[in-house]
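Residue numbers (the numbering used here), protein chains in the order written: chain L, 15 to 361; chain W, 13 to 104. From the three backbone atoms N, C-alpha and C, an ideal C-beta is built for every residue, glycine too. Predicted model only: the values in this text are computed from it and were never measured.
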Amino acid sequence: MPKADLGGTVYDAIEYFYTKPWSDGLPIVPPTEELIAAMLRGTRCDSDEELGLVPPNFERLTVRRVAEHAVMAGALPQYMPVIIGAMRAILDEKLNMHGVQTTIHGVSPLVIVNGPYGRKIGINGGRGCFSPGHRPNATIGRAVRLILYNVGGGYPSASFSCFGQPSRYTFCIRENEEDSPWEPLSVDRGFKAGENVVTVVQCENPQLTHDDANDDPERLHVATTDCMGNMGGMNAWRATDMVVALAPDIADNFAKAGYTKADVHKLLREKAGRHVGQLKQGGLWRIERLNRYVTKVDPNDDNCFVPAIQEPSRLFLIVAGGRPGATTAVLHGWNETTRGVSVAYEV
Amino acid sequence: MSAFYDPSVGATKSLSPANRPSSLAGKIVGLYDNTKEQADIILEAAAEDLKRRHGVKELLNFRGIHYSKPAPLETIEEMARKCDVVICALGG
C-alpha cells in the first residue's frame, strides 16, 4: 500500500486528502499506522483476509483496507464487525453493487443491523435513526461509502448518478427491536432470534408518510401504500426491492388490531400498486419492458392491478424510529437486478 | 504527524486504453448491445454505415444480459478474441 509522509500537522493531512478524490467532502481522520492498528483490534478477522472485489474497479478489499477507511470515517474499533459484515453483504453479487456504482439512478446500499451487538455499540434504531448525531450510524455508513469510493473506484467524479442522494454520505440504521411488537427482519430472513445480522438493500432516501388519524388497519395502510406505489418510483411496476420502516406507534396500532407482522406484510403487498390504466398515463411505463421484467400484467386491461411488490421477499418490513410518531418511512428500490442480502456477522 | 496510507485504488488497476486503429478498413468489428431499448437500432444504423463508408470486413453481434449488469466475462473474452474493434451501444 502506498504510503506518504507530509510532515506538518493533522490539518495539513486533512487538506492533502482534499487535493485527492479520497473524501466524501467532509474532513477525514488521516489513516496512520497507529490508528489502523488500533482499529484492527476491533475485529477477530485476520487483517489480510479478503472480503471480495469491490466494483467497478474490482480492487481487492481486505480487512486491513476496511480498517483504513473506518479510521478515515471516524469510526471506533468496536464498529469493525458491523462494517465488515456490511461489506460482505455489499460484495455479494446478488446485490449488484456494480450496477449501482455506475447507474444514472441515485440509490445507495442501506445497512440494517439486527441483533444484540448493534444495540450494544449504540447503533440508533429509534428516534432520529436516519438523522445526524449518532456516531455509529454516521461512521459505519460513511466507512462503507469511502470504501466504495476509494477501493471500488466509484468516485463522485466517475459516477453517472443524475442527482445522487444525501444517503450516499451514510446510510446505516438498526431495527428498533425493543419497541417492536413482532419478530425482527433477521428472523424473517431465516436467521435465529438473537443472531447478529446485517441486511443491505439498495434504496432511495426515506420518504415519510404520516397518519395520526387512523388505527383501523384498513385505513392505516393507505398513506403508506400510496407512497409505495408512487408513479415515479422504480417500484411502480418493476420487480425490485423496497424497505418499509414502521414507527413503533404505527406498528402498535396494527398489532392492537390483531395483525401479525406477516399480516401487515401481506396487506402492504396487496394494497400497494397501480392499475394498468393509471400506469399508462405516464411515469416509467414502457410497454416494451413489461414482458422482459414483469409477469402477470395484461397491458390491454386497464383494470389489471400491478403490485409495487412483485414477490414477498422483495419487501423488507422493519420497525424503526421513536415514540411518539405516527410516521412510516418508505424506501423505494432500484431495479430487478438487485436483491437485498443478509449475512450473520461475527463479533 | 506520522505517515498515513494512500486509500485510493491500487496502481495495478490503472490501465491505458488500447490503441485506436487509424482506419476500420478490413477490420472485424464487434457490436455490443447492452440490452437497453433502442441499442439495437443504434447498432443497426452503425453497422450499415461501417460497411458502406468504412470498408469494415466483418461485423459480429454480441448482447449483454441486462443493461445494469456488466458484460459477462466470457463475452468480453470472446469479443477480444474475435474482434479488432468493439462498439458498445447504450440504449435509452
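ask   = Thinking just about the alpha-carbon of each residue, which of L:T184, L:E232, L:G287, L:P198 is nearest to the one in A271 of chain L?
value = Residue numbering aside, residue 271 of chain L sits at position 257 when the first sequence is read from its first letter. When only C-alpha atoms are compared, the closest one is L:E232.
request  = Put A259 of chain L into one of helix, strand or coil per three-state DSSP.
outcome  = In the first sequence, the residue the question calls residue 259 of chain L occupies position 245. A259 of chain L: strand per DSSP, three-state reduction.
request  = Can you give me the Cβ contacts of V311 of chain L inside the same chain, cut-off strictly under 8 Å, excluding the 5 residues immediately before and after it?
outcome  = If you number the first sequence from 1, residue 311 of chain L lands on position 297. Excluding positions up to five away in sequence, the list reads W251, V290, L304, C318, V320.
ask   = For T117 of chain L and chain W, any beta-carbon pair shorter than 8 Å?
value = Taking the first residue of the first sequence as 1, we reach residue 117 of chain L at position 103. It does; some Cβ of chain W falls within 8 Å.
ask   = Smallest Cα separation from V68 of chain L: which of L:S61, L:L54, L:R102, L:Y93?
value = Locating residue 68 of chain L in the first sequence gives position 54, counting from the first residue. When each option's Cα is compared against that of V68 of chain L, the closest is L:R102.
Supposed close pair I50 of chain L, E82 of chain L - CB separation, criterion 8 Å = Counting from one through the first sequence, the residue named residue 50 of chain L turns up at place 36. Counting from one through the first sequence, the residue named residue 82 of chain L turns up at place 68. About 6 Å separates the two Cβ atoms, so the contact holds.
Cβ-based contacts, 8 Å cut-off: residues of the segment 70-98 of chain W near chain L = H78, S80, K81, P82
key: chain L residues whose Cβ lies nearer than 7 Å to that of S28 of chain W   = Locating residue 28 of chain W in the second sequence gives position 16, counting from the first residue. Simply none; closest approach about 15 Å.
message = Helix, strand or coil, according to DSSP, for C186 of chain L in the structure here?
response = Taking the first sequence and counting its residues from 1, the one referred to as residue 186 of chain L is at position 172. Three-state DSSP puts C186 of chain L in a strand.
message = I want to know whether the segment 144-154 of chain L touches the segment 28-42 of chain W - three or more CB-CB distances under 8 Å.
response = no
message = Give me the residue from W:S80, W:A51, W:G67 with the minimum Cα distance to S35 of chain W.
response = Taking the second sequence and counting its residues from 1, the one referred to as residue 35 of chain W is at position 23. For the residues W:S80, W:A51, W:G67, the minimum Cα distance to S35 of chain W belongs to W:G67.
task = Could you check the C-alpha separation between V165 of chain L and R203 of chain L for me, to the nearest Å?
result = To locate residue 165 of chain L, count along the first sequence from 1; it is residue 151. To locate residue 203 of chain L, count along the first sequence from 1; it is residue 189. Cα to Cα, the separation comes out at about 29 Å.
query = Going by the CB atoms, is the gap between Y307 of chain L and E360 of chain L shorter than 8 Å?
reply = To locate residue 360 of chain L, count along the first sequence from 1; it is residue 346. To locate residue 307 of chain L, count along the first sequence from 1; it is residue 293. No.
ask   = Taking the alpha carbon of V96 of chain L as the point to measure from, which residue in L:L124, L:V114, L:L109 has its own alpha carbon closest?
value = Counted from its first residue, the first sequence places residue 96 of chain L at position 82. The candidate whose alpha carbon is nearest that of V96 of chain L is L:L124.
query = Within 10 angstroms of its Cβ, does N24 of chain L collect 16 or more other Cβ (buried), or is it exposed?
reply = Taking the first residue of the first sequence as position 1, residue 24 of chain L is located at position 10. The question names Asn, but residue 24 of chain L in the sequence shown is Val. Its Cβ having fewer than 16 others within 10 Å, V24 of chain L is exposed.
query = G42 of chain W bridges to which residues according to DSSP?
reply = Start at 1 with the first residue of the second sequence, and residue 42 of chain W comes out as number 30. G42 of chain W pairs with W:L72, W:V98.
inquiry  = Please classify A30 of chain W as buried or exposed, where buried requires at least 16 other C-beta atoms within 10 Å of its C-beta.
reply    = Sequence index remark: in the second sequence, residue 30 of chain W carries index 18 (1-based). A30 of chain W comes out exposed.
message = In the DSSP output, which residue or residues are listed as bridge partners for H346 of chain L?
response = Here residue 346 of chain L refers to the residue found at position 332 when the first sequence is read from its first residue. According to DSSP, H346 of chain L bridges with L:M256.
key: beta strand (DSSP E) runs wholly inside the segment 16-71 of chain L, at least 3 long, in chain order   = 64-68
Close beta carbons around A322 of chain L, own chain, < 6 Å, minus the five adjacent residues each side = If you number the first sequence from 1, residue 322 of chain L lands on position 308. So the list reads M242, G243, N249, A286, G287, once near-sequence residues are dropped.
inquiry  = For G39 of chain L, would you say it is in contact with chain W, using Cβ-to-Cβ distances shorter than 8 Å as the test?
reply    = What you label residue 39 of chain L is simply residue 25 of the first sequence in a count that begins at 1. Not an interface residue.
Spatial neighbours of G22 of chain L in its chain, beta-carbon cut-off 6 Å, leaving aside the 5 residues before and after = Sequence index remark: in the first sequence, residue 22 of chain L carries index 8 (1-based). Answer for G22 of chain L: no residue qualifies.
query = What's the call for M15 of chain L, buried or exposed, on a 16-neighbour Cβ count within 10 Å?
reply = As a working mapping, residue 15 of chain L is identified with position 1 in the first sequence. Confidence at M15 of chain L is low in this model, with a pLDDT of 49, below 50, so its placement is unreliable and the value that follows should be read with caution. With fewer than 16 Cβ atoms within 10 Å of its Cβ, M15 of chain L is classed as exposed.
ask   = Relative to chain W, which residues along the segment 46-64 of chain L have a C-beta separation below 9 Å, given in chain order?
value = T46, E47, E48, L49, I50
request  = For C318 of chain L, name the three-state secondary structure that DSSP assigns.
outcome  = In the first sequence, residue 318 of chain L corresponds to position 304, counting from 1. C318 of chain L: coil per DSSP, three-state reduction.
ask   = P170 of chain L to V80 of chain L, Cα distance in whole Å?
value = Residue mapping note: residue 170 of chain L aligns to position 156 of the first sequence, counting from 1. Residue mapping note: residue 80 of chain L aligns to position 66 of the first sequence, counting from 1. When rounded, the distance between both Cα atoms is 20 Å.
ask   = Under 9 Å Cβ-Cβ, which residues of chain L neighbour E49 of chain W?
value = Along the second sequence, one-based indexing puts residue 49 of chain W at 37. What E49 of chain W touches in chain L: R300, E302, R303.
ask   = With DSSP run on the structure shown, which of helix, strand or coil describes R156 of chain L?
value = Position 142 of the first sequence holds residue 156 of chain L. In the structure shown, R156 of chain L sits in a helix (DSSP, three-state: H, G or I).
P262 of chain L burial status per 10 Å Cβ neighbour count (16 or more: buried) = By one-based count along the first sequence, residue 262 of chain L stands at place 248. Counting Cβ neighbours within 10 Å, P262 of chain L comes out buried, since at least 16 surround it.
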